[in-house]
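Here the protein sequences line up with chains U and X, keeping their order.
So in the numbering used here, spot 28 of the first sequence is number 25, and the numbers just go up one at a time.
So in the numbering used here, spot 37 of the second sequence is number 34, and the numbers just go up one at a time.
Let me begin by presenting the structure, written as structure tokens, before commenting on it.
2 protein chains.
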Amino acid sequence: MNEGVEWAVHSCLNLAWLGDERAVPAAKLAGFYELPAAYLNKQLQALARAGILTSTSGPRGGFRLARPPEKITLMDVVAAIEGEEEAFRCTEIRHRGGSDSGVRSKTPCEIHTSMRKAELAWRRELASQTIADIASSVEGHSSAAPERVRRWFDDTRT
Amino acid sequence: MNEGVEWAVHSCLNLAWLGDERAVPAAKLAGFYELPAAYLNKQLQALARAGILTSTSGPRGGFRLARPPEKITLMDVVAAIEGEEEAFRCTEIRHRGGSDSGVRSKTPCEIHTSMRKAELAWRRELASQTIADIASSVEGHSSAAPERVRRWFDDTRT
DNA sequence: GGTCCGGTACTCGGATATACGATGTCCGAGTGCTATGGG
DNA sequence: CCCATAGCACTCGGACATCGTATATCCGAGTACCGGACC
Chain U
-2 MNEGVEWAVH
8 SCLNLAWLGD
18 ERAVPAAKLA
28 GFYELPAAYL
38 NKQLQALARA
48 GILTSTSGPR
58 GGFRLARPPE
68 KITLMDVVAA
78 IEGEEEAFRC
88 TEIRHRGGSD
98 SGVRSKTPCE
108 IHTSMRKAEL
118 AWRRELASQT
128 IADIASSVEG
138 HSSAAPERVR
148 RWFDDTRT
Chain X
-2 MNEGVEWAVH
8 SCLNLAWLGD
18 ERAVPAAKLA
28 GFYELPAAYL
38 NKQLQALARA
48 GILTSTSGPR
58 GGFRLARPPE
68 KITLMDVVAA
78 IEGEEEAFRC
88 TEIRHRGGSD
98 SGVRSKTPCE
108 IHTSMRKAEL
118 AWRRELASQT
128 IADIASSVEG
138 HSSAAPERVR
148 RWFDDTRT
């Protein structure tokens, strides 16, 4: 799995805590974790294309959440970065070679079916957890976190 | 996900149908689907290292299932090829940069926790399905499949 | 005829190339702010 | 003092390098079979 997913979720969390009053530039989001700014920007673009963030150009521009954190699931974020296609790609090798029965059977590939079943369980679990859920979990462990984030983004000039 | 997983599962299915009386060379398993023999061999080696297959060198050598198909889960095969580590690797970026609170908090990374939860659902689903299950599903759709496989592996000289 | 032995062909196993996608970087287009000059 | 306007700095967006891993290939080590020679 892409490392960008981790960056994206963390950034969404921060954006949730910062509220959507102001837009936050990619460079600043990157600075918070000392990530390569240009590359994080690429991931944020993907989130914007997926409708999870809105982007604004020019001074005072940047990114902000396109909808409330309760409406953004982990599945949304992962799909935006990793793509919608399933991880297991069935290439139908059962129809290759002289082994094939000749009939392009309409029966589905059972292996594909089984893998998909597992992947759906994964997707369902991801879809059941929102950015808001994670945010509140973090706050449960350290209630100061949101305030500390806001402070950092306000103070730091970089 | 690795393409080798698809090859490995298909090969395990064929080995299940062929029984473990005789060993089957990688070249023959590859020929069945016209796959690159040397590369499939690599995947089979991984299965052997994981204890799913046993390998025999020399003439009349090859691979065979190390235990009955009911005892081999999809999880076993996927883990053998893809590795045991989780797909989502948490690099703890929350502890990078001036953003860190300084305390290497003992609280787990919530994002990591959420991703792991989804991944466990995936693993659980994979672990619940065995090679035998898939074999019997295929037989349900086309009862001639096992016999056709045995025939091909008996007849073909390549 | 039976048994031992050397040669041979076969198979796995790992070391070695190659291609493609993830990772990382850079520059151009667009946009809002700001300062300056005129009314 | 207020407004128009030109310049500028900032930001995204996508085009361009670089690196690592999955993919693919090749050759060496070991082993069982087969044929022949010897007892």
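No residue lacks a Cβ here, since even glycine has one placed at the ideal position from N, Cα and C.
Since we're looking at a predicted model, the values are computed, not measured.
Got a sec: is the Cβ-Cβ distance from residue i to anything in chain U below 8 Å?
i, result
"residue 60/X", "no"
"residue 30/X", "yes"
"residue 81/X", "no"
"residue 40/X", "no"
"residue 8/X", "no"
"residue 71/X", "yes"
"residue 43/X", "no"
"residue 48/X", "no"
So with Cβ pairs under 8 Å, would you call residue i a contact of chain X?
i, result
"residue 14/U", "no"
"residue 114/U", "yes"
"residue 168/U", "This structure gives no information on residue 168/U, because the portion of chain U shown stretches from -2 to 155."
"residue 122/U", "yes"
"residue 147/U", "no"
"residue 67/U", "no"
"residue 91/U", "yes"
"residue 21/U", "no"
"residue 55/U", "no"
Tell me where the alpha helix (DSSP H) around residue i begins and ends.
i, result
"residue 15/X", "0 to 15"
"residue 146/X", "142 to 152"
"residue 46/U", "34 to 46"
What span of residues does the beta strand (DSSP E) with residue i cover, start to end?
i, result
"residue 53/X", "50 to 53"
Using the DSSP secondary-structure output, state which residues sit across from residue i in a beta bridge.
i, result
"residue 61/U", "51/U"
"residue 127/U", "70/U"
"residue 21/U", "60/U"
Mind checking whether residue i and residue j have CB atoms under 8 Å apart?
i, j, result
"residue 48/U", "residue 63/U", "yes"
"residue 146/X", "residue 11/X", "yes"
"residue 84/X", "residue -2/U", "yes"
Hey, residue i and residue j are a contact pair by Cβ (cut 8 Å); roughly how many whole angstroms apart?
i, j, result
"residue 60/X", "residue 2/X", "About 16 Å separates the two Cβ atoms, so there is no contact after all."
"residue 150/U", "residue 15/U", "6 Å"
"residue 44/U", "residue 74/U", "7 Å"
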